[in-house]
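K.L.:
First the structure, then my questions, so here it is.
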Amino acid sequence: MSSERNTLRYVLCHKKALEPSLSDIPAHFLGRFLFTGDLISTMEISKSLRKLLESIPGVSSIFLTDRDGVIVLSVGEELRSRASLISSLQATQDQTGKLVMGAHHASAFFYENSQLIILNVPPLTAFVVASPSANTGMLLKLREQLTPLVQEVEGIVPEIPSCNKSN
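Here the working numbering is used: the first residue of the sequence shown is 308, the next is one more, and so on.
Shown next, in the form of structure tokens:
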């Protein structure tokens with residue numbers, strides 16, 4: 308079991324991906340879960356996240372990242388700008404941390420053609436992309452609904468918050 312956990316930690320920390328064996332699960336998500344028994348849980352988490360996406364009109368994409376910006380799970384439309392969004396968030400958090408206002412819970416950004424909601428759901432960060440007409444209050448409340456999903460992911464991959472541990 309120890310070697311399996313070390314392999315899993317390696318996959319998480321070094322951003323490796325496996326070829327997907329199930330067509331409806333994104334490769335970047337499957338690559339983080341190596342054990343057959345966990346694939347069932349993985350599919351259920353993916354389905355639950357898709358239901359959240361579909362429950363709010365105007366939401367086009369939800370993706371979860373770890374603290375290093377590695378995408379753990381994604382549903383909805385693929386965005387070419389995901390890497391830019393993630394690095395921008397990290398830079399913004401570095402600067403807003405200087406305000407000494409406490410821990411970051413959520414950010415909302417409004418653009419001409421979309422809005423972006425960033426939710427801190429430790430140890431992950433959720434990015435929600437929606438149309439400008441989507442209900443921002445409902446998008447911010449997603450944080451409460453995402454907490455149990457993130458706990459499920461942690462149950463499968465407990466190493467997410469501790470990638471710096473030695474093998």
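C-beta atoms are modelled at their ideal positions from N, C-alpha and C, and glycine is treated no differently. Being a predicted model, the structure only gives us computed values, none of them experimental.
Between the Cα of Glu351 and those of Asp373, Val366, Leu380, spot the shortest distance and give me the residue it belongs to.
P.N.:
Numbered from 1 along the sequence shown, position 44 holds the residue referred to as residue 351. Distance check between Glu351 and each of Asp373, Val366, Leu380 places Leu380 closest, using alpha-carbon atoms only.
K.L.:
According to DSSP, is Ser381 helix, strand or coil?
P.N.:
Residue numbering aside, residue 381 sits at position 74 when the sequence shown is read from its first letter. DSSP places Ser381 in strand when its eight states are reduced to three.
K.L.:
With a Cβ-Cβ cutoff of 7 Å, do Gly383 and Ser367 count as a contact?
P.N.:
Locating residue 383 in the sequence shown gives position 76, where the first residue counts as 1. Locating residue 367 in the sequence shown gives position 60, where the first residue counts as 1. Taking a C-beta distance under 7 Å as the contact criterion, Gly383 and Ser367 qualify as a contact pair.
K.L.:
Which of the three DSSP states is assigned to Val366 in this structure?
P.N.:
If you number the sequence shown from 1, residue 366 lands on position 59. Note: Val366 maps to strand in three-state DSSP.
K.L.:
Below 8 Å on the Cβ atoms is my contact criterion, and I expect Val457 with Leu423 to pass it. Report the Cβ-Cβ distance as a whole number of Å.
P.N.:
Your numbering for residue 457 matches position 150 in the sequence shown. Your numbering for residue 423 matches position 116 in the sequence shown. Not really, about 19 Å apart at Cβ, beyond 8 Å.
K.L.:
In angstroms, rounded to a whole number, what distance separates the CA positions of Glu461 and Met408?
P.N.:
Taking the sequence shown and counting its residues from 1, the one referred to as residue 461 is at position 154. Taking the sequence shown and counting its residues from 1, the one referred to as residue 408 is at position 101. The straight-line gap from Cα to Cα measures roughly 27 Å.
K.L.:
Helix, strand or coil for Ser414, going by three-state DSSP, please let me know.
P.N.:
Taking the sequence shown and counting its residues from 1, the one referred to as residue 414 is at position 107. DSSP places Ser414 in strand when its eight states are reduced to three.
K.L.:
Please classify Pro455 as buried or exposed, where buried requires at least 16 other C-beta atoms within 10 Å of its C-beta.
P.N.:
The residue labelled residue 455 in the question sits at position 148 within the sequence shown. Classification for Pro455: exposed.
K.L.:
In chain order, what residues of the same chain have a beta carbon less than 6 Å from the beta carbon of Phe370, not counting five sequence neighbours either side?
P.N.:
Here residue 370 refers to the residue found at position 63 when the sequence shown is read from its first residue. Answer for Phe370: Ile378, Ser381, Phe434, listed in chain order.
K.L.:
Could you give the residue range of the beta strand (DSSP E) that holds Leu431?
P.N.:
Residue mapping note: residue 431 aligns to position 124 of the sequence shown, counting from 1. 431-437 is the span of the beta strand (DSSP E), which, as asked, contains Leu431.
K.L.:
Could you please give me the residues that DSSP links to Ile424 through a beta bridge?
P.N.:
As a position in the sequence shown, residue 424 is number 117, starting the count at 1. Answer is Ala415, Val435, bridged to Ile424.
K.L.:
Alpha helix (DSSP H) containing Val407: first to last residue?
P.N.:
Here the question's residue 407 lines up with position 100 in the sequence shown. No alpha helix (DSSP H) contains Val407, which DSSP labels as neither H nor E.
K.L.:
Going by beta carbon distance, what residues of the same chain come within less than 6 Å of Phe416, once the five residues before and after it are set aside?
P.N.:
If you number the sequence shown from 1, residue 416 lands on position 109. Here the set comprises Leu423.
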